[in-house]
Amino acid sequence: MRVERDLRRVIGDGESLPDGEVEGLDDADLLELYRQLVLLRTYDERSLVYHRQGRIGTYAIFWNHEAMQVGAVYALSDDDWIFPSYRESAIGLLRGMPAATVLSWWRGHPAGWWNPADYNVASICVPIGTHVPHAAGLAWGKKLRGESACAVAFFGDGATSEGSFHEGANFAGVLKAPLVLFCNNNQWAISTPLELQTAAETLADKAVGYGIPAARVDGADVLAVYEATREAVARARAGEGPTFIEAVTYRAAPHATADDPSVYIDPARVEEERRRECVGRFEGYLRRRGLLPDELREQVTGEAAQLMREAIAAAEAEPDPDPELVFAHAYAAPPASFDHDLAELRRVLADG
Amino acid sequence: MRVERDLRRVIGDGESLPDGEVEGLDDADLLELYRQLVLLRTYDERSLVYHRQGRIGTYAIFWNHEAMQVGAVYALSDDDWIFPSYRESAIGLLRGMPAATVLSWWRGHPAGWWNPADYNVASICVPIGTHVPHAAGLAWGKKLRGESACAVAFFGDGATSEGSFHEGANFAGVLKAPLVLFCNNNQWAISTPLELQTAAETLADKAVGYGIPAARVDGADVLAVYEATREAVARARAGEGPTFIEAVTYRAAPHATADDPSVYIDPARVEEERRRECVGRFEGYLRRRGLLPDELREQVTGEAAQLMREAIAAAEAEPDPDPELVFAHAYAAPPASFDHDLAELRRVLADG
Amino acid sequence: MGELTLVEAINDALHHELARDPNVLVMGEDVGLVGGVFRATAGLRETFGEDRCIDTPLAEAGILGTAVGLCMAGWRPVCEMQYDAFSYPCLDQLINHVGRYRWRSGGKMEFPITVRMPYGGGVRAPELHDDSPEAYYVHTPGVKVAIPSTPADAKGLLAAAIRDPDPVVIFEPKLHYRTMRGSVPDGEYVVPLGRARVAREGSDVTVVAYGAMVPLAEQAASALAGEASVEVLDLRTLKPLDEDALLASVAKTGRVVVVQEAPRTCGYAAEVAAILAEKAILDLHGPVLRVTGYDVPYPYWKLEDAYMPSVARVADAVRRLLAF
Amino acid sequence: MGELTLVEAINDALHHELARDPNVLVMGEDVGLVGGVFRATAGLRETFGEDRCIDTPLAEAGILGTAVGLCMAGWRPVCEMQYDAFSYPCLDQLINHVGRYRWRSGGKMEFPITVRMPYGGGVRAPELHDDSPEAYYVHTPGVKVAIPSTPADAKGLLAAAIRDPDPVVIFEPKLHYRTMRGSVPDGEYVVPLGRARVAREGSDVTVVAYGAMVPLAEQAASALAGEASVEVLDLRTLKPLDEDALLASVAKTGRVVVVQEAPRTCGYAAEVAAILAEKAILDLHGPVLRVTGYDVPYPYWKLEDAYMPSVARVADAVRRLLAF
Ligand SMILES: Cc1ncc(C[n+]2csc(CCOP(=O)(O)OP(=O)(O)O)c2C)c(N)n1
Ligand SMILES: Cc1ncc(C[n+]2csc(CCOP(=O)(O)OP(=O)(O)O)c2C)c(N)n1
Ligand SMILES: [Mg+2]
Ligand SMILES: [Mg+2]
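Residue numbers (the working numbering), protein chains in the order written: chain L, 1 to 352; chain E, 1001 to 1352; chain R, 2001 to 2324; chain S, 3001 to 3324.
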């Protein structure tokens, strides 16, 4: 199986490195990719503010991860399934999920529930790597049904150390499941650097052991990500099984709002990364192609900001959830004891 | 990291394929290897008989796996640790463990207990792959202490699918633990063939994902196994970390006494394998070198048979274990409730 | 009605359920080609094809995790764990996903997974083929647990599990796989989850049991004939528990012995005793006694008779209770 | 005596134990460079070097499995599981190896592993950062379990665990990591495993609790002042349990409420109730009531106050018991 070691890149640097092009993407596509990048960026930046304002709880920042999410999802059709980790919490927005739903999730509110089948977006996976077998199962299950849908599982560099990643990837390989294993290699698992995570020369090397081809792409290059994922999806639909994509980037923000990376991270390296962050790079690309006049940029940014304003208002307008929701959905037919528990709870709450 | 894809081989076929030699092994070594092969072969064949006679319980046959065990262990020094699976149940014999101990284990008798530190042989691992992290930990722990000991973990092709194999191998890679990951690829996990276990082209390919070099050897060639393991041990002692060895063989016997492979296995392939089984091949090699006169062969075989006769007699002479042993060693200082439980049990047993 | 062994009854249930619902599939280690190491899945692959009876790689977390995804694609997977003690790698998926996912989808998505596994000791097996892990499963929210004690229940409870919209774990007493025969209704047959069975009526003492402990309790009841009238209550489903049946029996007898093969501490017998201590305190004429495995690793098999609850230990507990 | 937060007390214990015994090492995800996500291991790497405070790959079964091998090489590993619900992958190693290995070596080899982890809810965290998994651990033979409720006990029980020749699992109430301060003895300090603590004396009702439920029980006791004299028994060690202390308290009060944050069914409160139903039936003036989490997945945090046992629910149980 082929492992591409070289980092794929399409976007240049406006200087010595020339811009490339992705066949089949027209200007409208490029602007749609931009709109989506800005949407996620705005979601992320607003969320950090909302967290500081106490409007949402602990939040896993995905600043500079937008290109991986947007690029990969743009290569999918709506029938295809997305399996996000907490790092892709807002990826449902790319499928029309209301931002208020995701904000509610981070607010610990059941309004953050969604039916995965409504968007073909699985619930956010909080434990590391355990959704990889889910994605393998979904993809394989679709194939068994003769449907053409495939799945993408997003996970981090750290996740590759978990047994569940291994078992899921191996199942997918054996079952030739139409799956894209999308690894966001941001080089840190909280405070643990990649070299303490694995001795492999690249994460893409892991694919070999599963008989899966792999590609490496610049994770801050939305076009390269799109192109690599599109190829992986084509393989999947052609019945050739899974592909592993290692998207190489760098975590330029804290792991989450509770984290203080100053103890472990090199600020110069972070600064460098912030200078080449993914939204700005794509803006440069569009500008160089004459596609992004300032008014358009402002319009897109403004729309995203407005969407977030409405979303947080909607999320905050949710009334506090009724205690009934503690019990309601654990089982299709809740046991009799739940009625009793709820009645007792209501009585005590009323007394208190 | 280098993965050797070609199967290493030293022993020829007495016809077109020439015999090789392993540097550093003299005639005495060759005969010692032979003695050990015969010892394990005899252990295995007698155990099958003992099982049929009802003297031992279910038994995991290791016929034609002897060369892997003997070859690998011969490359170790006595300080080095062995982590066997049930397929290597009698490997302790190569370290002076009484055969009666192993027979007792298969008889479900606590006389089958041993202190791993007495032989540097861990307890037989019955769950698949869970001893791989143990071996990684031991090896790393020795290194942390500045000791030169290394470890070998034996596991099967099926084990490579388990999360524990993955996590153990990855830890070993990162920690540069002096460990040999010895995979007995007998191409079956009970009734599951290798191609349902993994889509990897070879099991050795798995090593790449851990940044570990790998070699593939003919598992029925005791000299090739020895040589490959010796190199791996040298790497380990030189501080270069783990090595993965895939020893390729074929399970020419049922998985265990309870298994009937006729349903799933190709008898012609088994016949072929039985013709090239590992003890006979080494006998041919020794004969071609004029090292194995018939008397010597008979002497070695006779000694092994005698050892087994004495061992089964010793195992059967063990009195039934006292119920106290149910409680005795679960904790260093058993809780008070155990005294009560044992007293009650004794009373009930006496009444009955 | 045919006379089937317990494992044949399971096989029968699987055949009927796969025939009934094209979304049901069976997956696990060695379930396909060889029909399972206990032959519980024998014939399924031949009848339903290799897409509905799948030999998986050797990875229990992978099996259960993949099953979660299969549910999302509309399947109803029946996962075999080859043995009790080899199911532990799947606990992570069970606790963090299988039992939680429905709730997290606001009840919108179903995870009708059945996990079945042989459990328990007494079969003279090598280490770690003898565990009774039901408490780990029962404690897990969002999961149901059933344990049959007869061939008919093995068939009927498994069918109920497969049809249930929620994840259900079935522990099958391997001790009786081939040694227990019983009449089993032909064709489709369902024993609803959550209903206990009075295996034997009595009036002095209730022995509460499930799985392989039920025949043992019955033998103890027979051994006590003349001394005491022993009711044997077979719980059949541990979660949801048939509390009414439990409380009704205790209201009648006032004396309870709970039998469980698993280690004592925090085992299921504790739950039964706790319910009685909470809801039947005025009915109890004496202590609630537990006869259980001990709080030690399941021993090598020459010691297993000393470890396992025995007829003598159950009878002894009944006698102690009567003498209280 | 210094005034320390609970997590500072843990950190203090680790410093003293690593200084005392060169065989003790700490390992886990993010324990080294950053000193743990809760800073429980802060400073260890600086003081004892990176060989004694190791940042591992992200793999909980790998951590515990590697620790087994480290024991064989003479180390005494202290493993951190980053969070309760992320410890589940290690259960397989715990049940099949950690709890069994000593027995299988005929008592010849020791596995002095300490597993420590933050547990429990109430901290407004995202999903799966709130579990109370102690029952899974307590049910496992060969393993001991302790849960401190004060900074002093957090220090002393952890030290005891590290020194113990057997595997010990310590659950640390993360709710109180930084919010609870208390005086903690300086220097080496050990609270022996297996001894409960009367957190508050009383004569009418015993509230049995552990970990984060102890302060809650104490608040309930205060809330009930004038109505009832409530004794609060802090179990401290769940296994081995201080049965004498439990029975002594119940002999005095005759009324028991057991509080546990974990889901009810087959939780540790059931074990306490079962012991009482077996050994204190004549002392009980009423039912043994359990106040617990519910048998549902731990909910999103806007619902957690409804899920968690509260002062009001404990007080209500006490009142019901008094009115019985
Ligand atoms: C099974 C499990 N163990 C530990 C954690 C705690 N944890 C949350 S995020 C994280 C690091 C993950 O790193 P990586 O996989 O690289 O993803 P990233 O956060 O960098 O996107 C850890 C250890 C967890 N969520 N699940
Ligand atoms: C965790 C676990 N799952 C399942 C089993 C049951 N089992 C015993 S041997 C075996 C096959 C192992 O195959 P392989 O790793 O190739 O080793 P081999 O037996 O061929 O030497 C299985 C599935 C087990 N022992 N442990
Ligand atoms: Mg990362
Ligand atoms: Mg094999």
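Yeah, the Cβ is synthetic: ideal placement off N, Cα and C, and Gly gets one too.
In terms of CA proximity to A253(L), R41(L) leads the group V3(L), R41(L), E32(L), D27(L). Closer than 7 Å at the C-beta level to chain E, one finds no residue of the segment 2198-2224 of chain R.
Distance between A3273(S) and M3308(S), taken at the CA atoms: about 20 Å.
In this chain, W1140(E) is not harboured by any beta strand (DSSP E); it is covered by the alpha helix (DSSP H) spanning 1131-1144. Secondary structure note for I1245(E): its beta strand (DSSP E) is the uninterrupted segment 1243-1248. In the DSSP assignment, C3071(S) is bridged to no other residue.
With a cut-off of 6 Å, the C-beta of F1083(E) is classified as distant from ligand 2, since no heavy atom of the ligand falls inside that distance.
Contact between the segment 1234-1249 of chain E and the segment 1163-1172 of chain E is present: three or more C-beta pairs spanning the two stretches fall below 8 Å. Taking C-beta atoms as the reference points, I3275(S) and G3211(S) fail to come closer than 7 Å.
Every residue whose beta carbon comes nearer than 6 Å to a heavy atom of ligand 3 appears here in chain order: G156(L), D157(L), G158(L), N186(L), W188(L), A189(L). Rounded to whole angstroms, F3038(S) and A1060(E) show a C-alpha spacing of 47 Å. Per DSSP, F2111(R) is not a residue of any beta strand (DSSP E), being assigned neither H nor E.
For K3144(S), the uninterrupted beta strand (DSSP E) segment begins and ends at 3144-3146.
Under DSSP, the beta-bridge partners assigned to G2002(R) are V2184(R). DSSP, read as helix, strand or coil, puts K3239(S) in strand. Annotated three-state conformation of A2212(R) is coil, per DSSP.
Note that the C-beta distance between L3006(S) and V3026(S) is not below 7 Å. In terms of CA proximity to G1156(E), Q1187(E) leads the group S1148(E), P1178(E), L1138(E), Q1187(E). In this structure, the alpha-carbon of L307(L) lies about 8 Å from that of A99(L). Counting only runs that start and end inside the segment 2087-2161 of chain R, the alpha helix (DSSP H) elements of at least 4 residues fall at 2101-2104, 2134-2138.
Cβ-Cβ distances below 7 Å link R3178(S) to T3005, V3007 in the same chain, with the five nearest sequence neighbours on each side left out; the list follows chain order.
When DSSP states are grouped into helix, strand and coil, M3308(S) belongs to the coil group.
Distance from the C-beta of L2322(R) to the nearest heavy atom of ligand 1 is not below 6 Å. Judged by DSSP in its simplified three-state form, I1082(E) adopts strand.
Residue burial is scored here from C-beta neighbours: G1302(E) has fewer than 16 other C-beta atoms within 10 angstroms and is therefore classed as exposed.
From the beta-carbon of K3155(S), no residue of chain R is found nearer than 7 Å; the closest lies around 26 Å away.
Ranked by how close their Cα comes to the Cα of E1298(E), the residues A1200(E), F1338(E), L1039(E) have L1039(E) in first place.
Under the three-state reduction of DSSP, R1041(E) is assigned to helix.
Non-local C-beta neighbours of Y1086(E) in its own chain, meaning closer than 6 Å and more than five positions away in sequence, comprise A1060, I1124, V1126, ordered along the chain. Within the segment 2064-2087 of chain R, L2064, G2065, T2066, A2067, V2068, G2069, L2070, C2071, M2072, A2073, G2074, W2075, P2077 place their CB atoms closer than 9 Å to a CB of chain L, listed in sequence order. Here the alpha carbon of A2317(R) sits roughly 23 Å from the alpha carbon of L1325(E).
Annotation for M3027(S): the continuous beta strand (DSSP E) segment containing it runs 3024-3028. Burial of N2096(R) is indicated by the presence of at least 16 other C-beta atoms within 10 angstroms of its C-beta. Approximately 3 Å separates the beta-carbon atoms of G1112(E) and W1105(E); this is inside 8 Å, confirming the contact.
By the Cβ rule, the segment 280-298 of chain L does not count as touching the segment 42-60 of chain L, because fewer than three pairs are nearer than 8 Å. Of all alpha-carbon atoms in F154(L), A328(L), E344(L), E316(L), the one lying nearest the alpha-carbon of M68(L) is that of F154(L).
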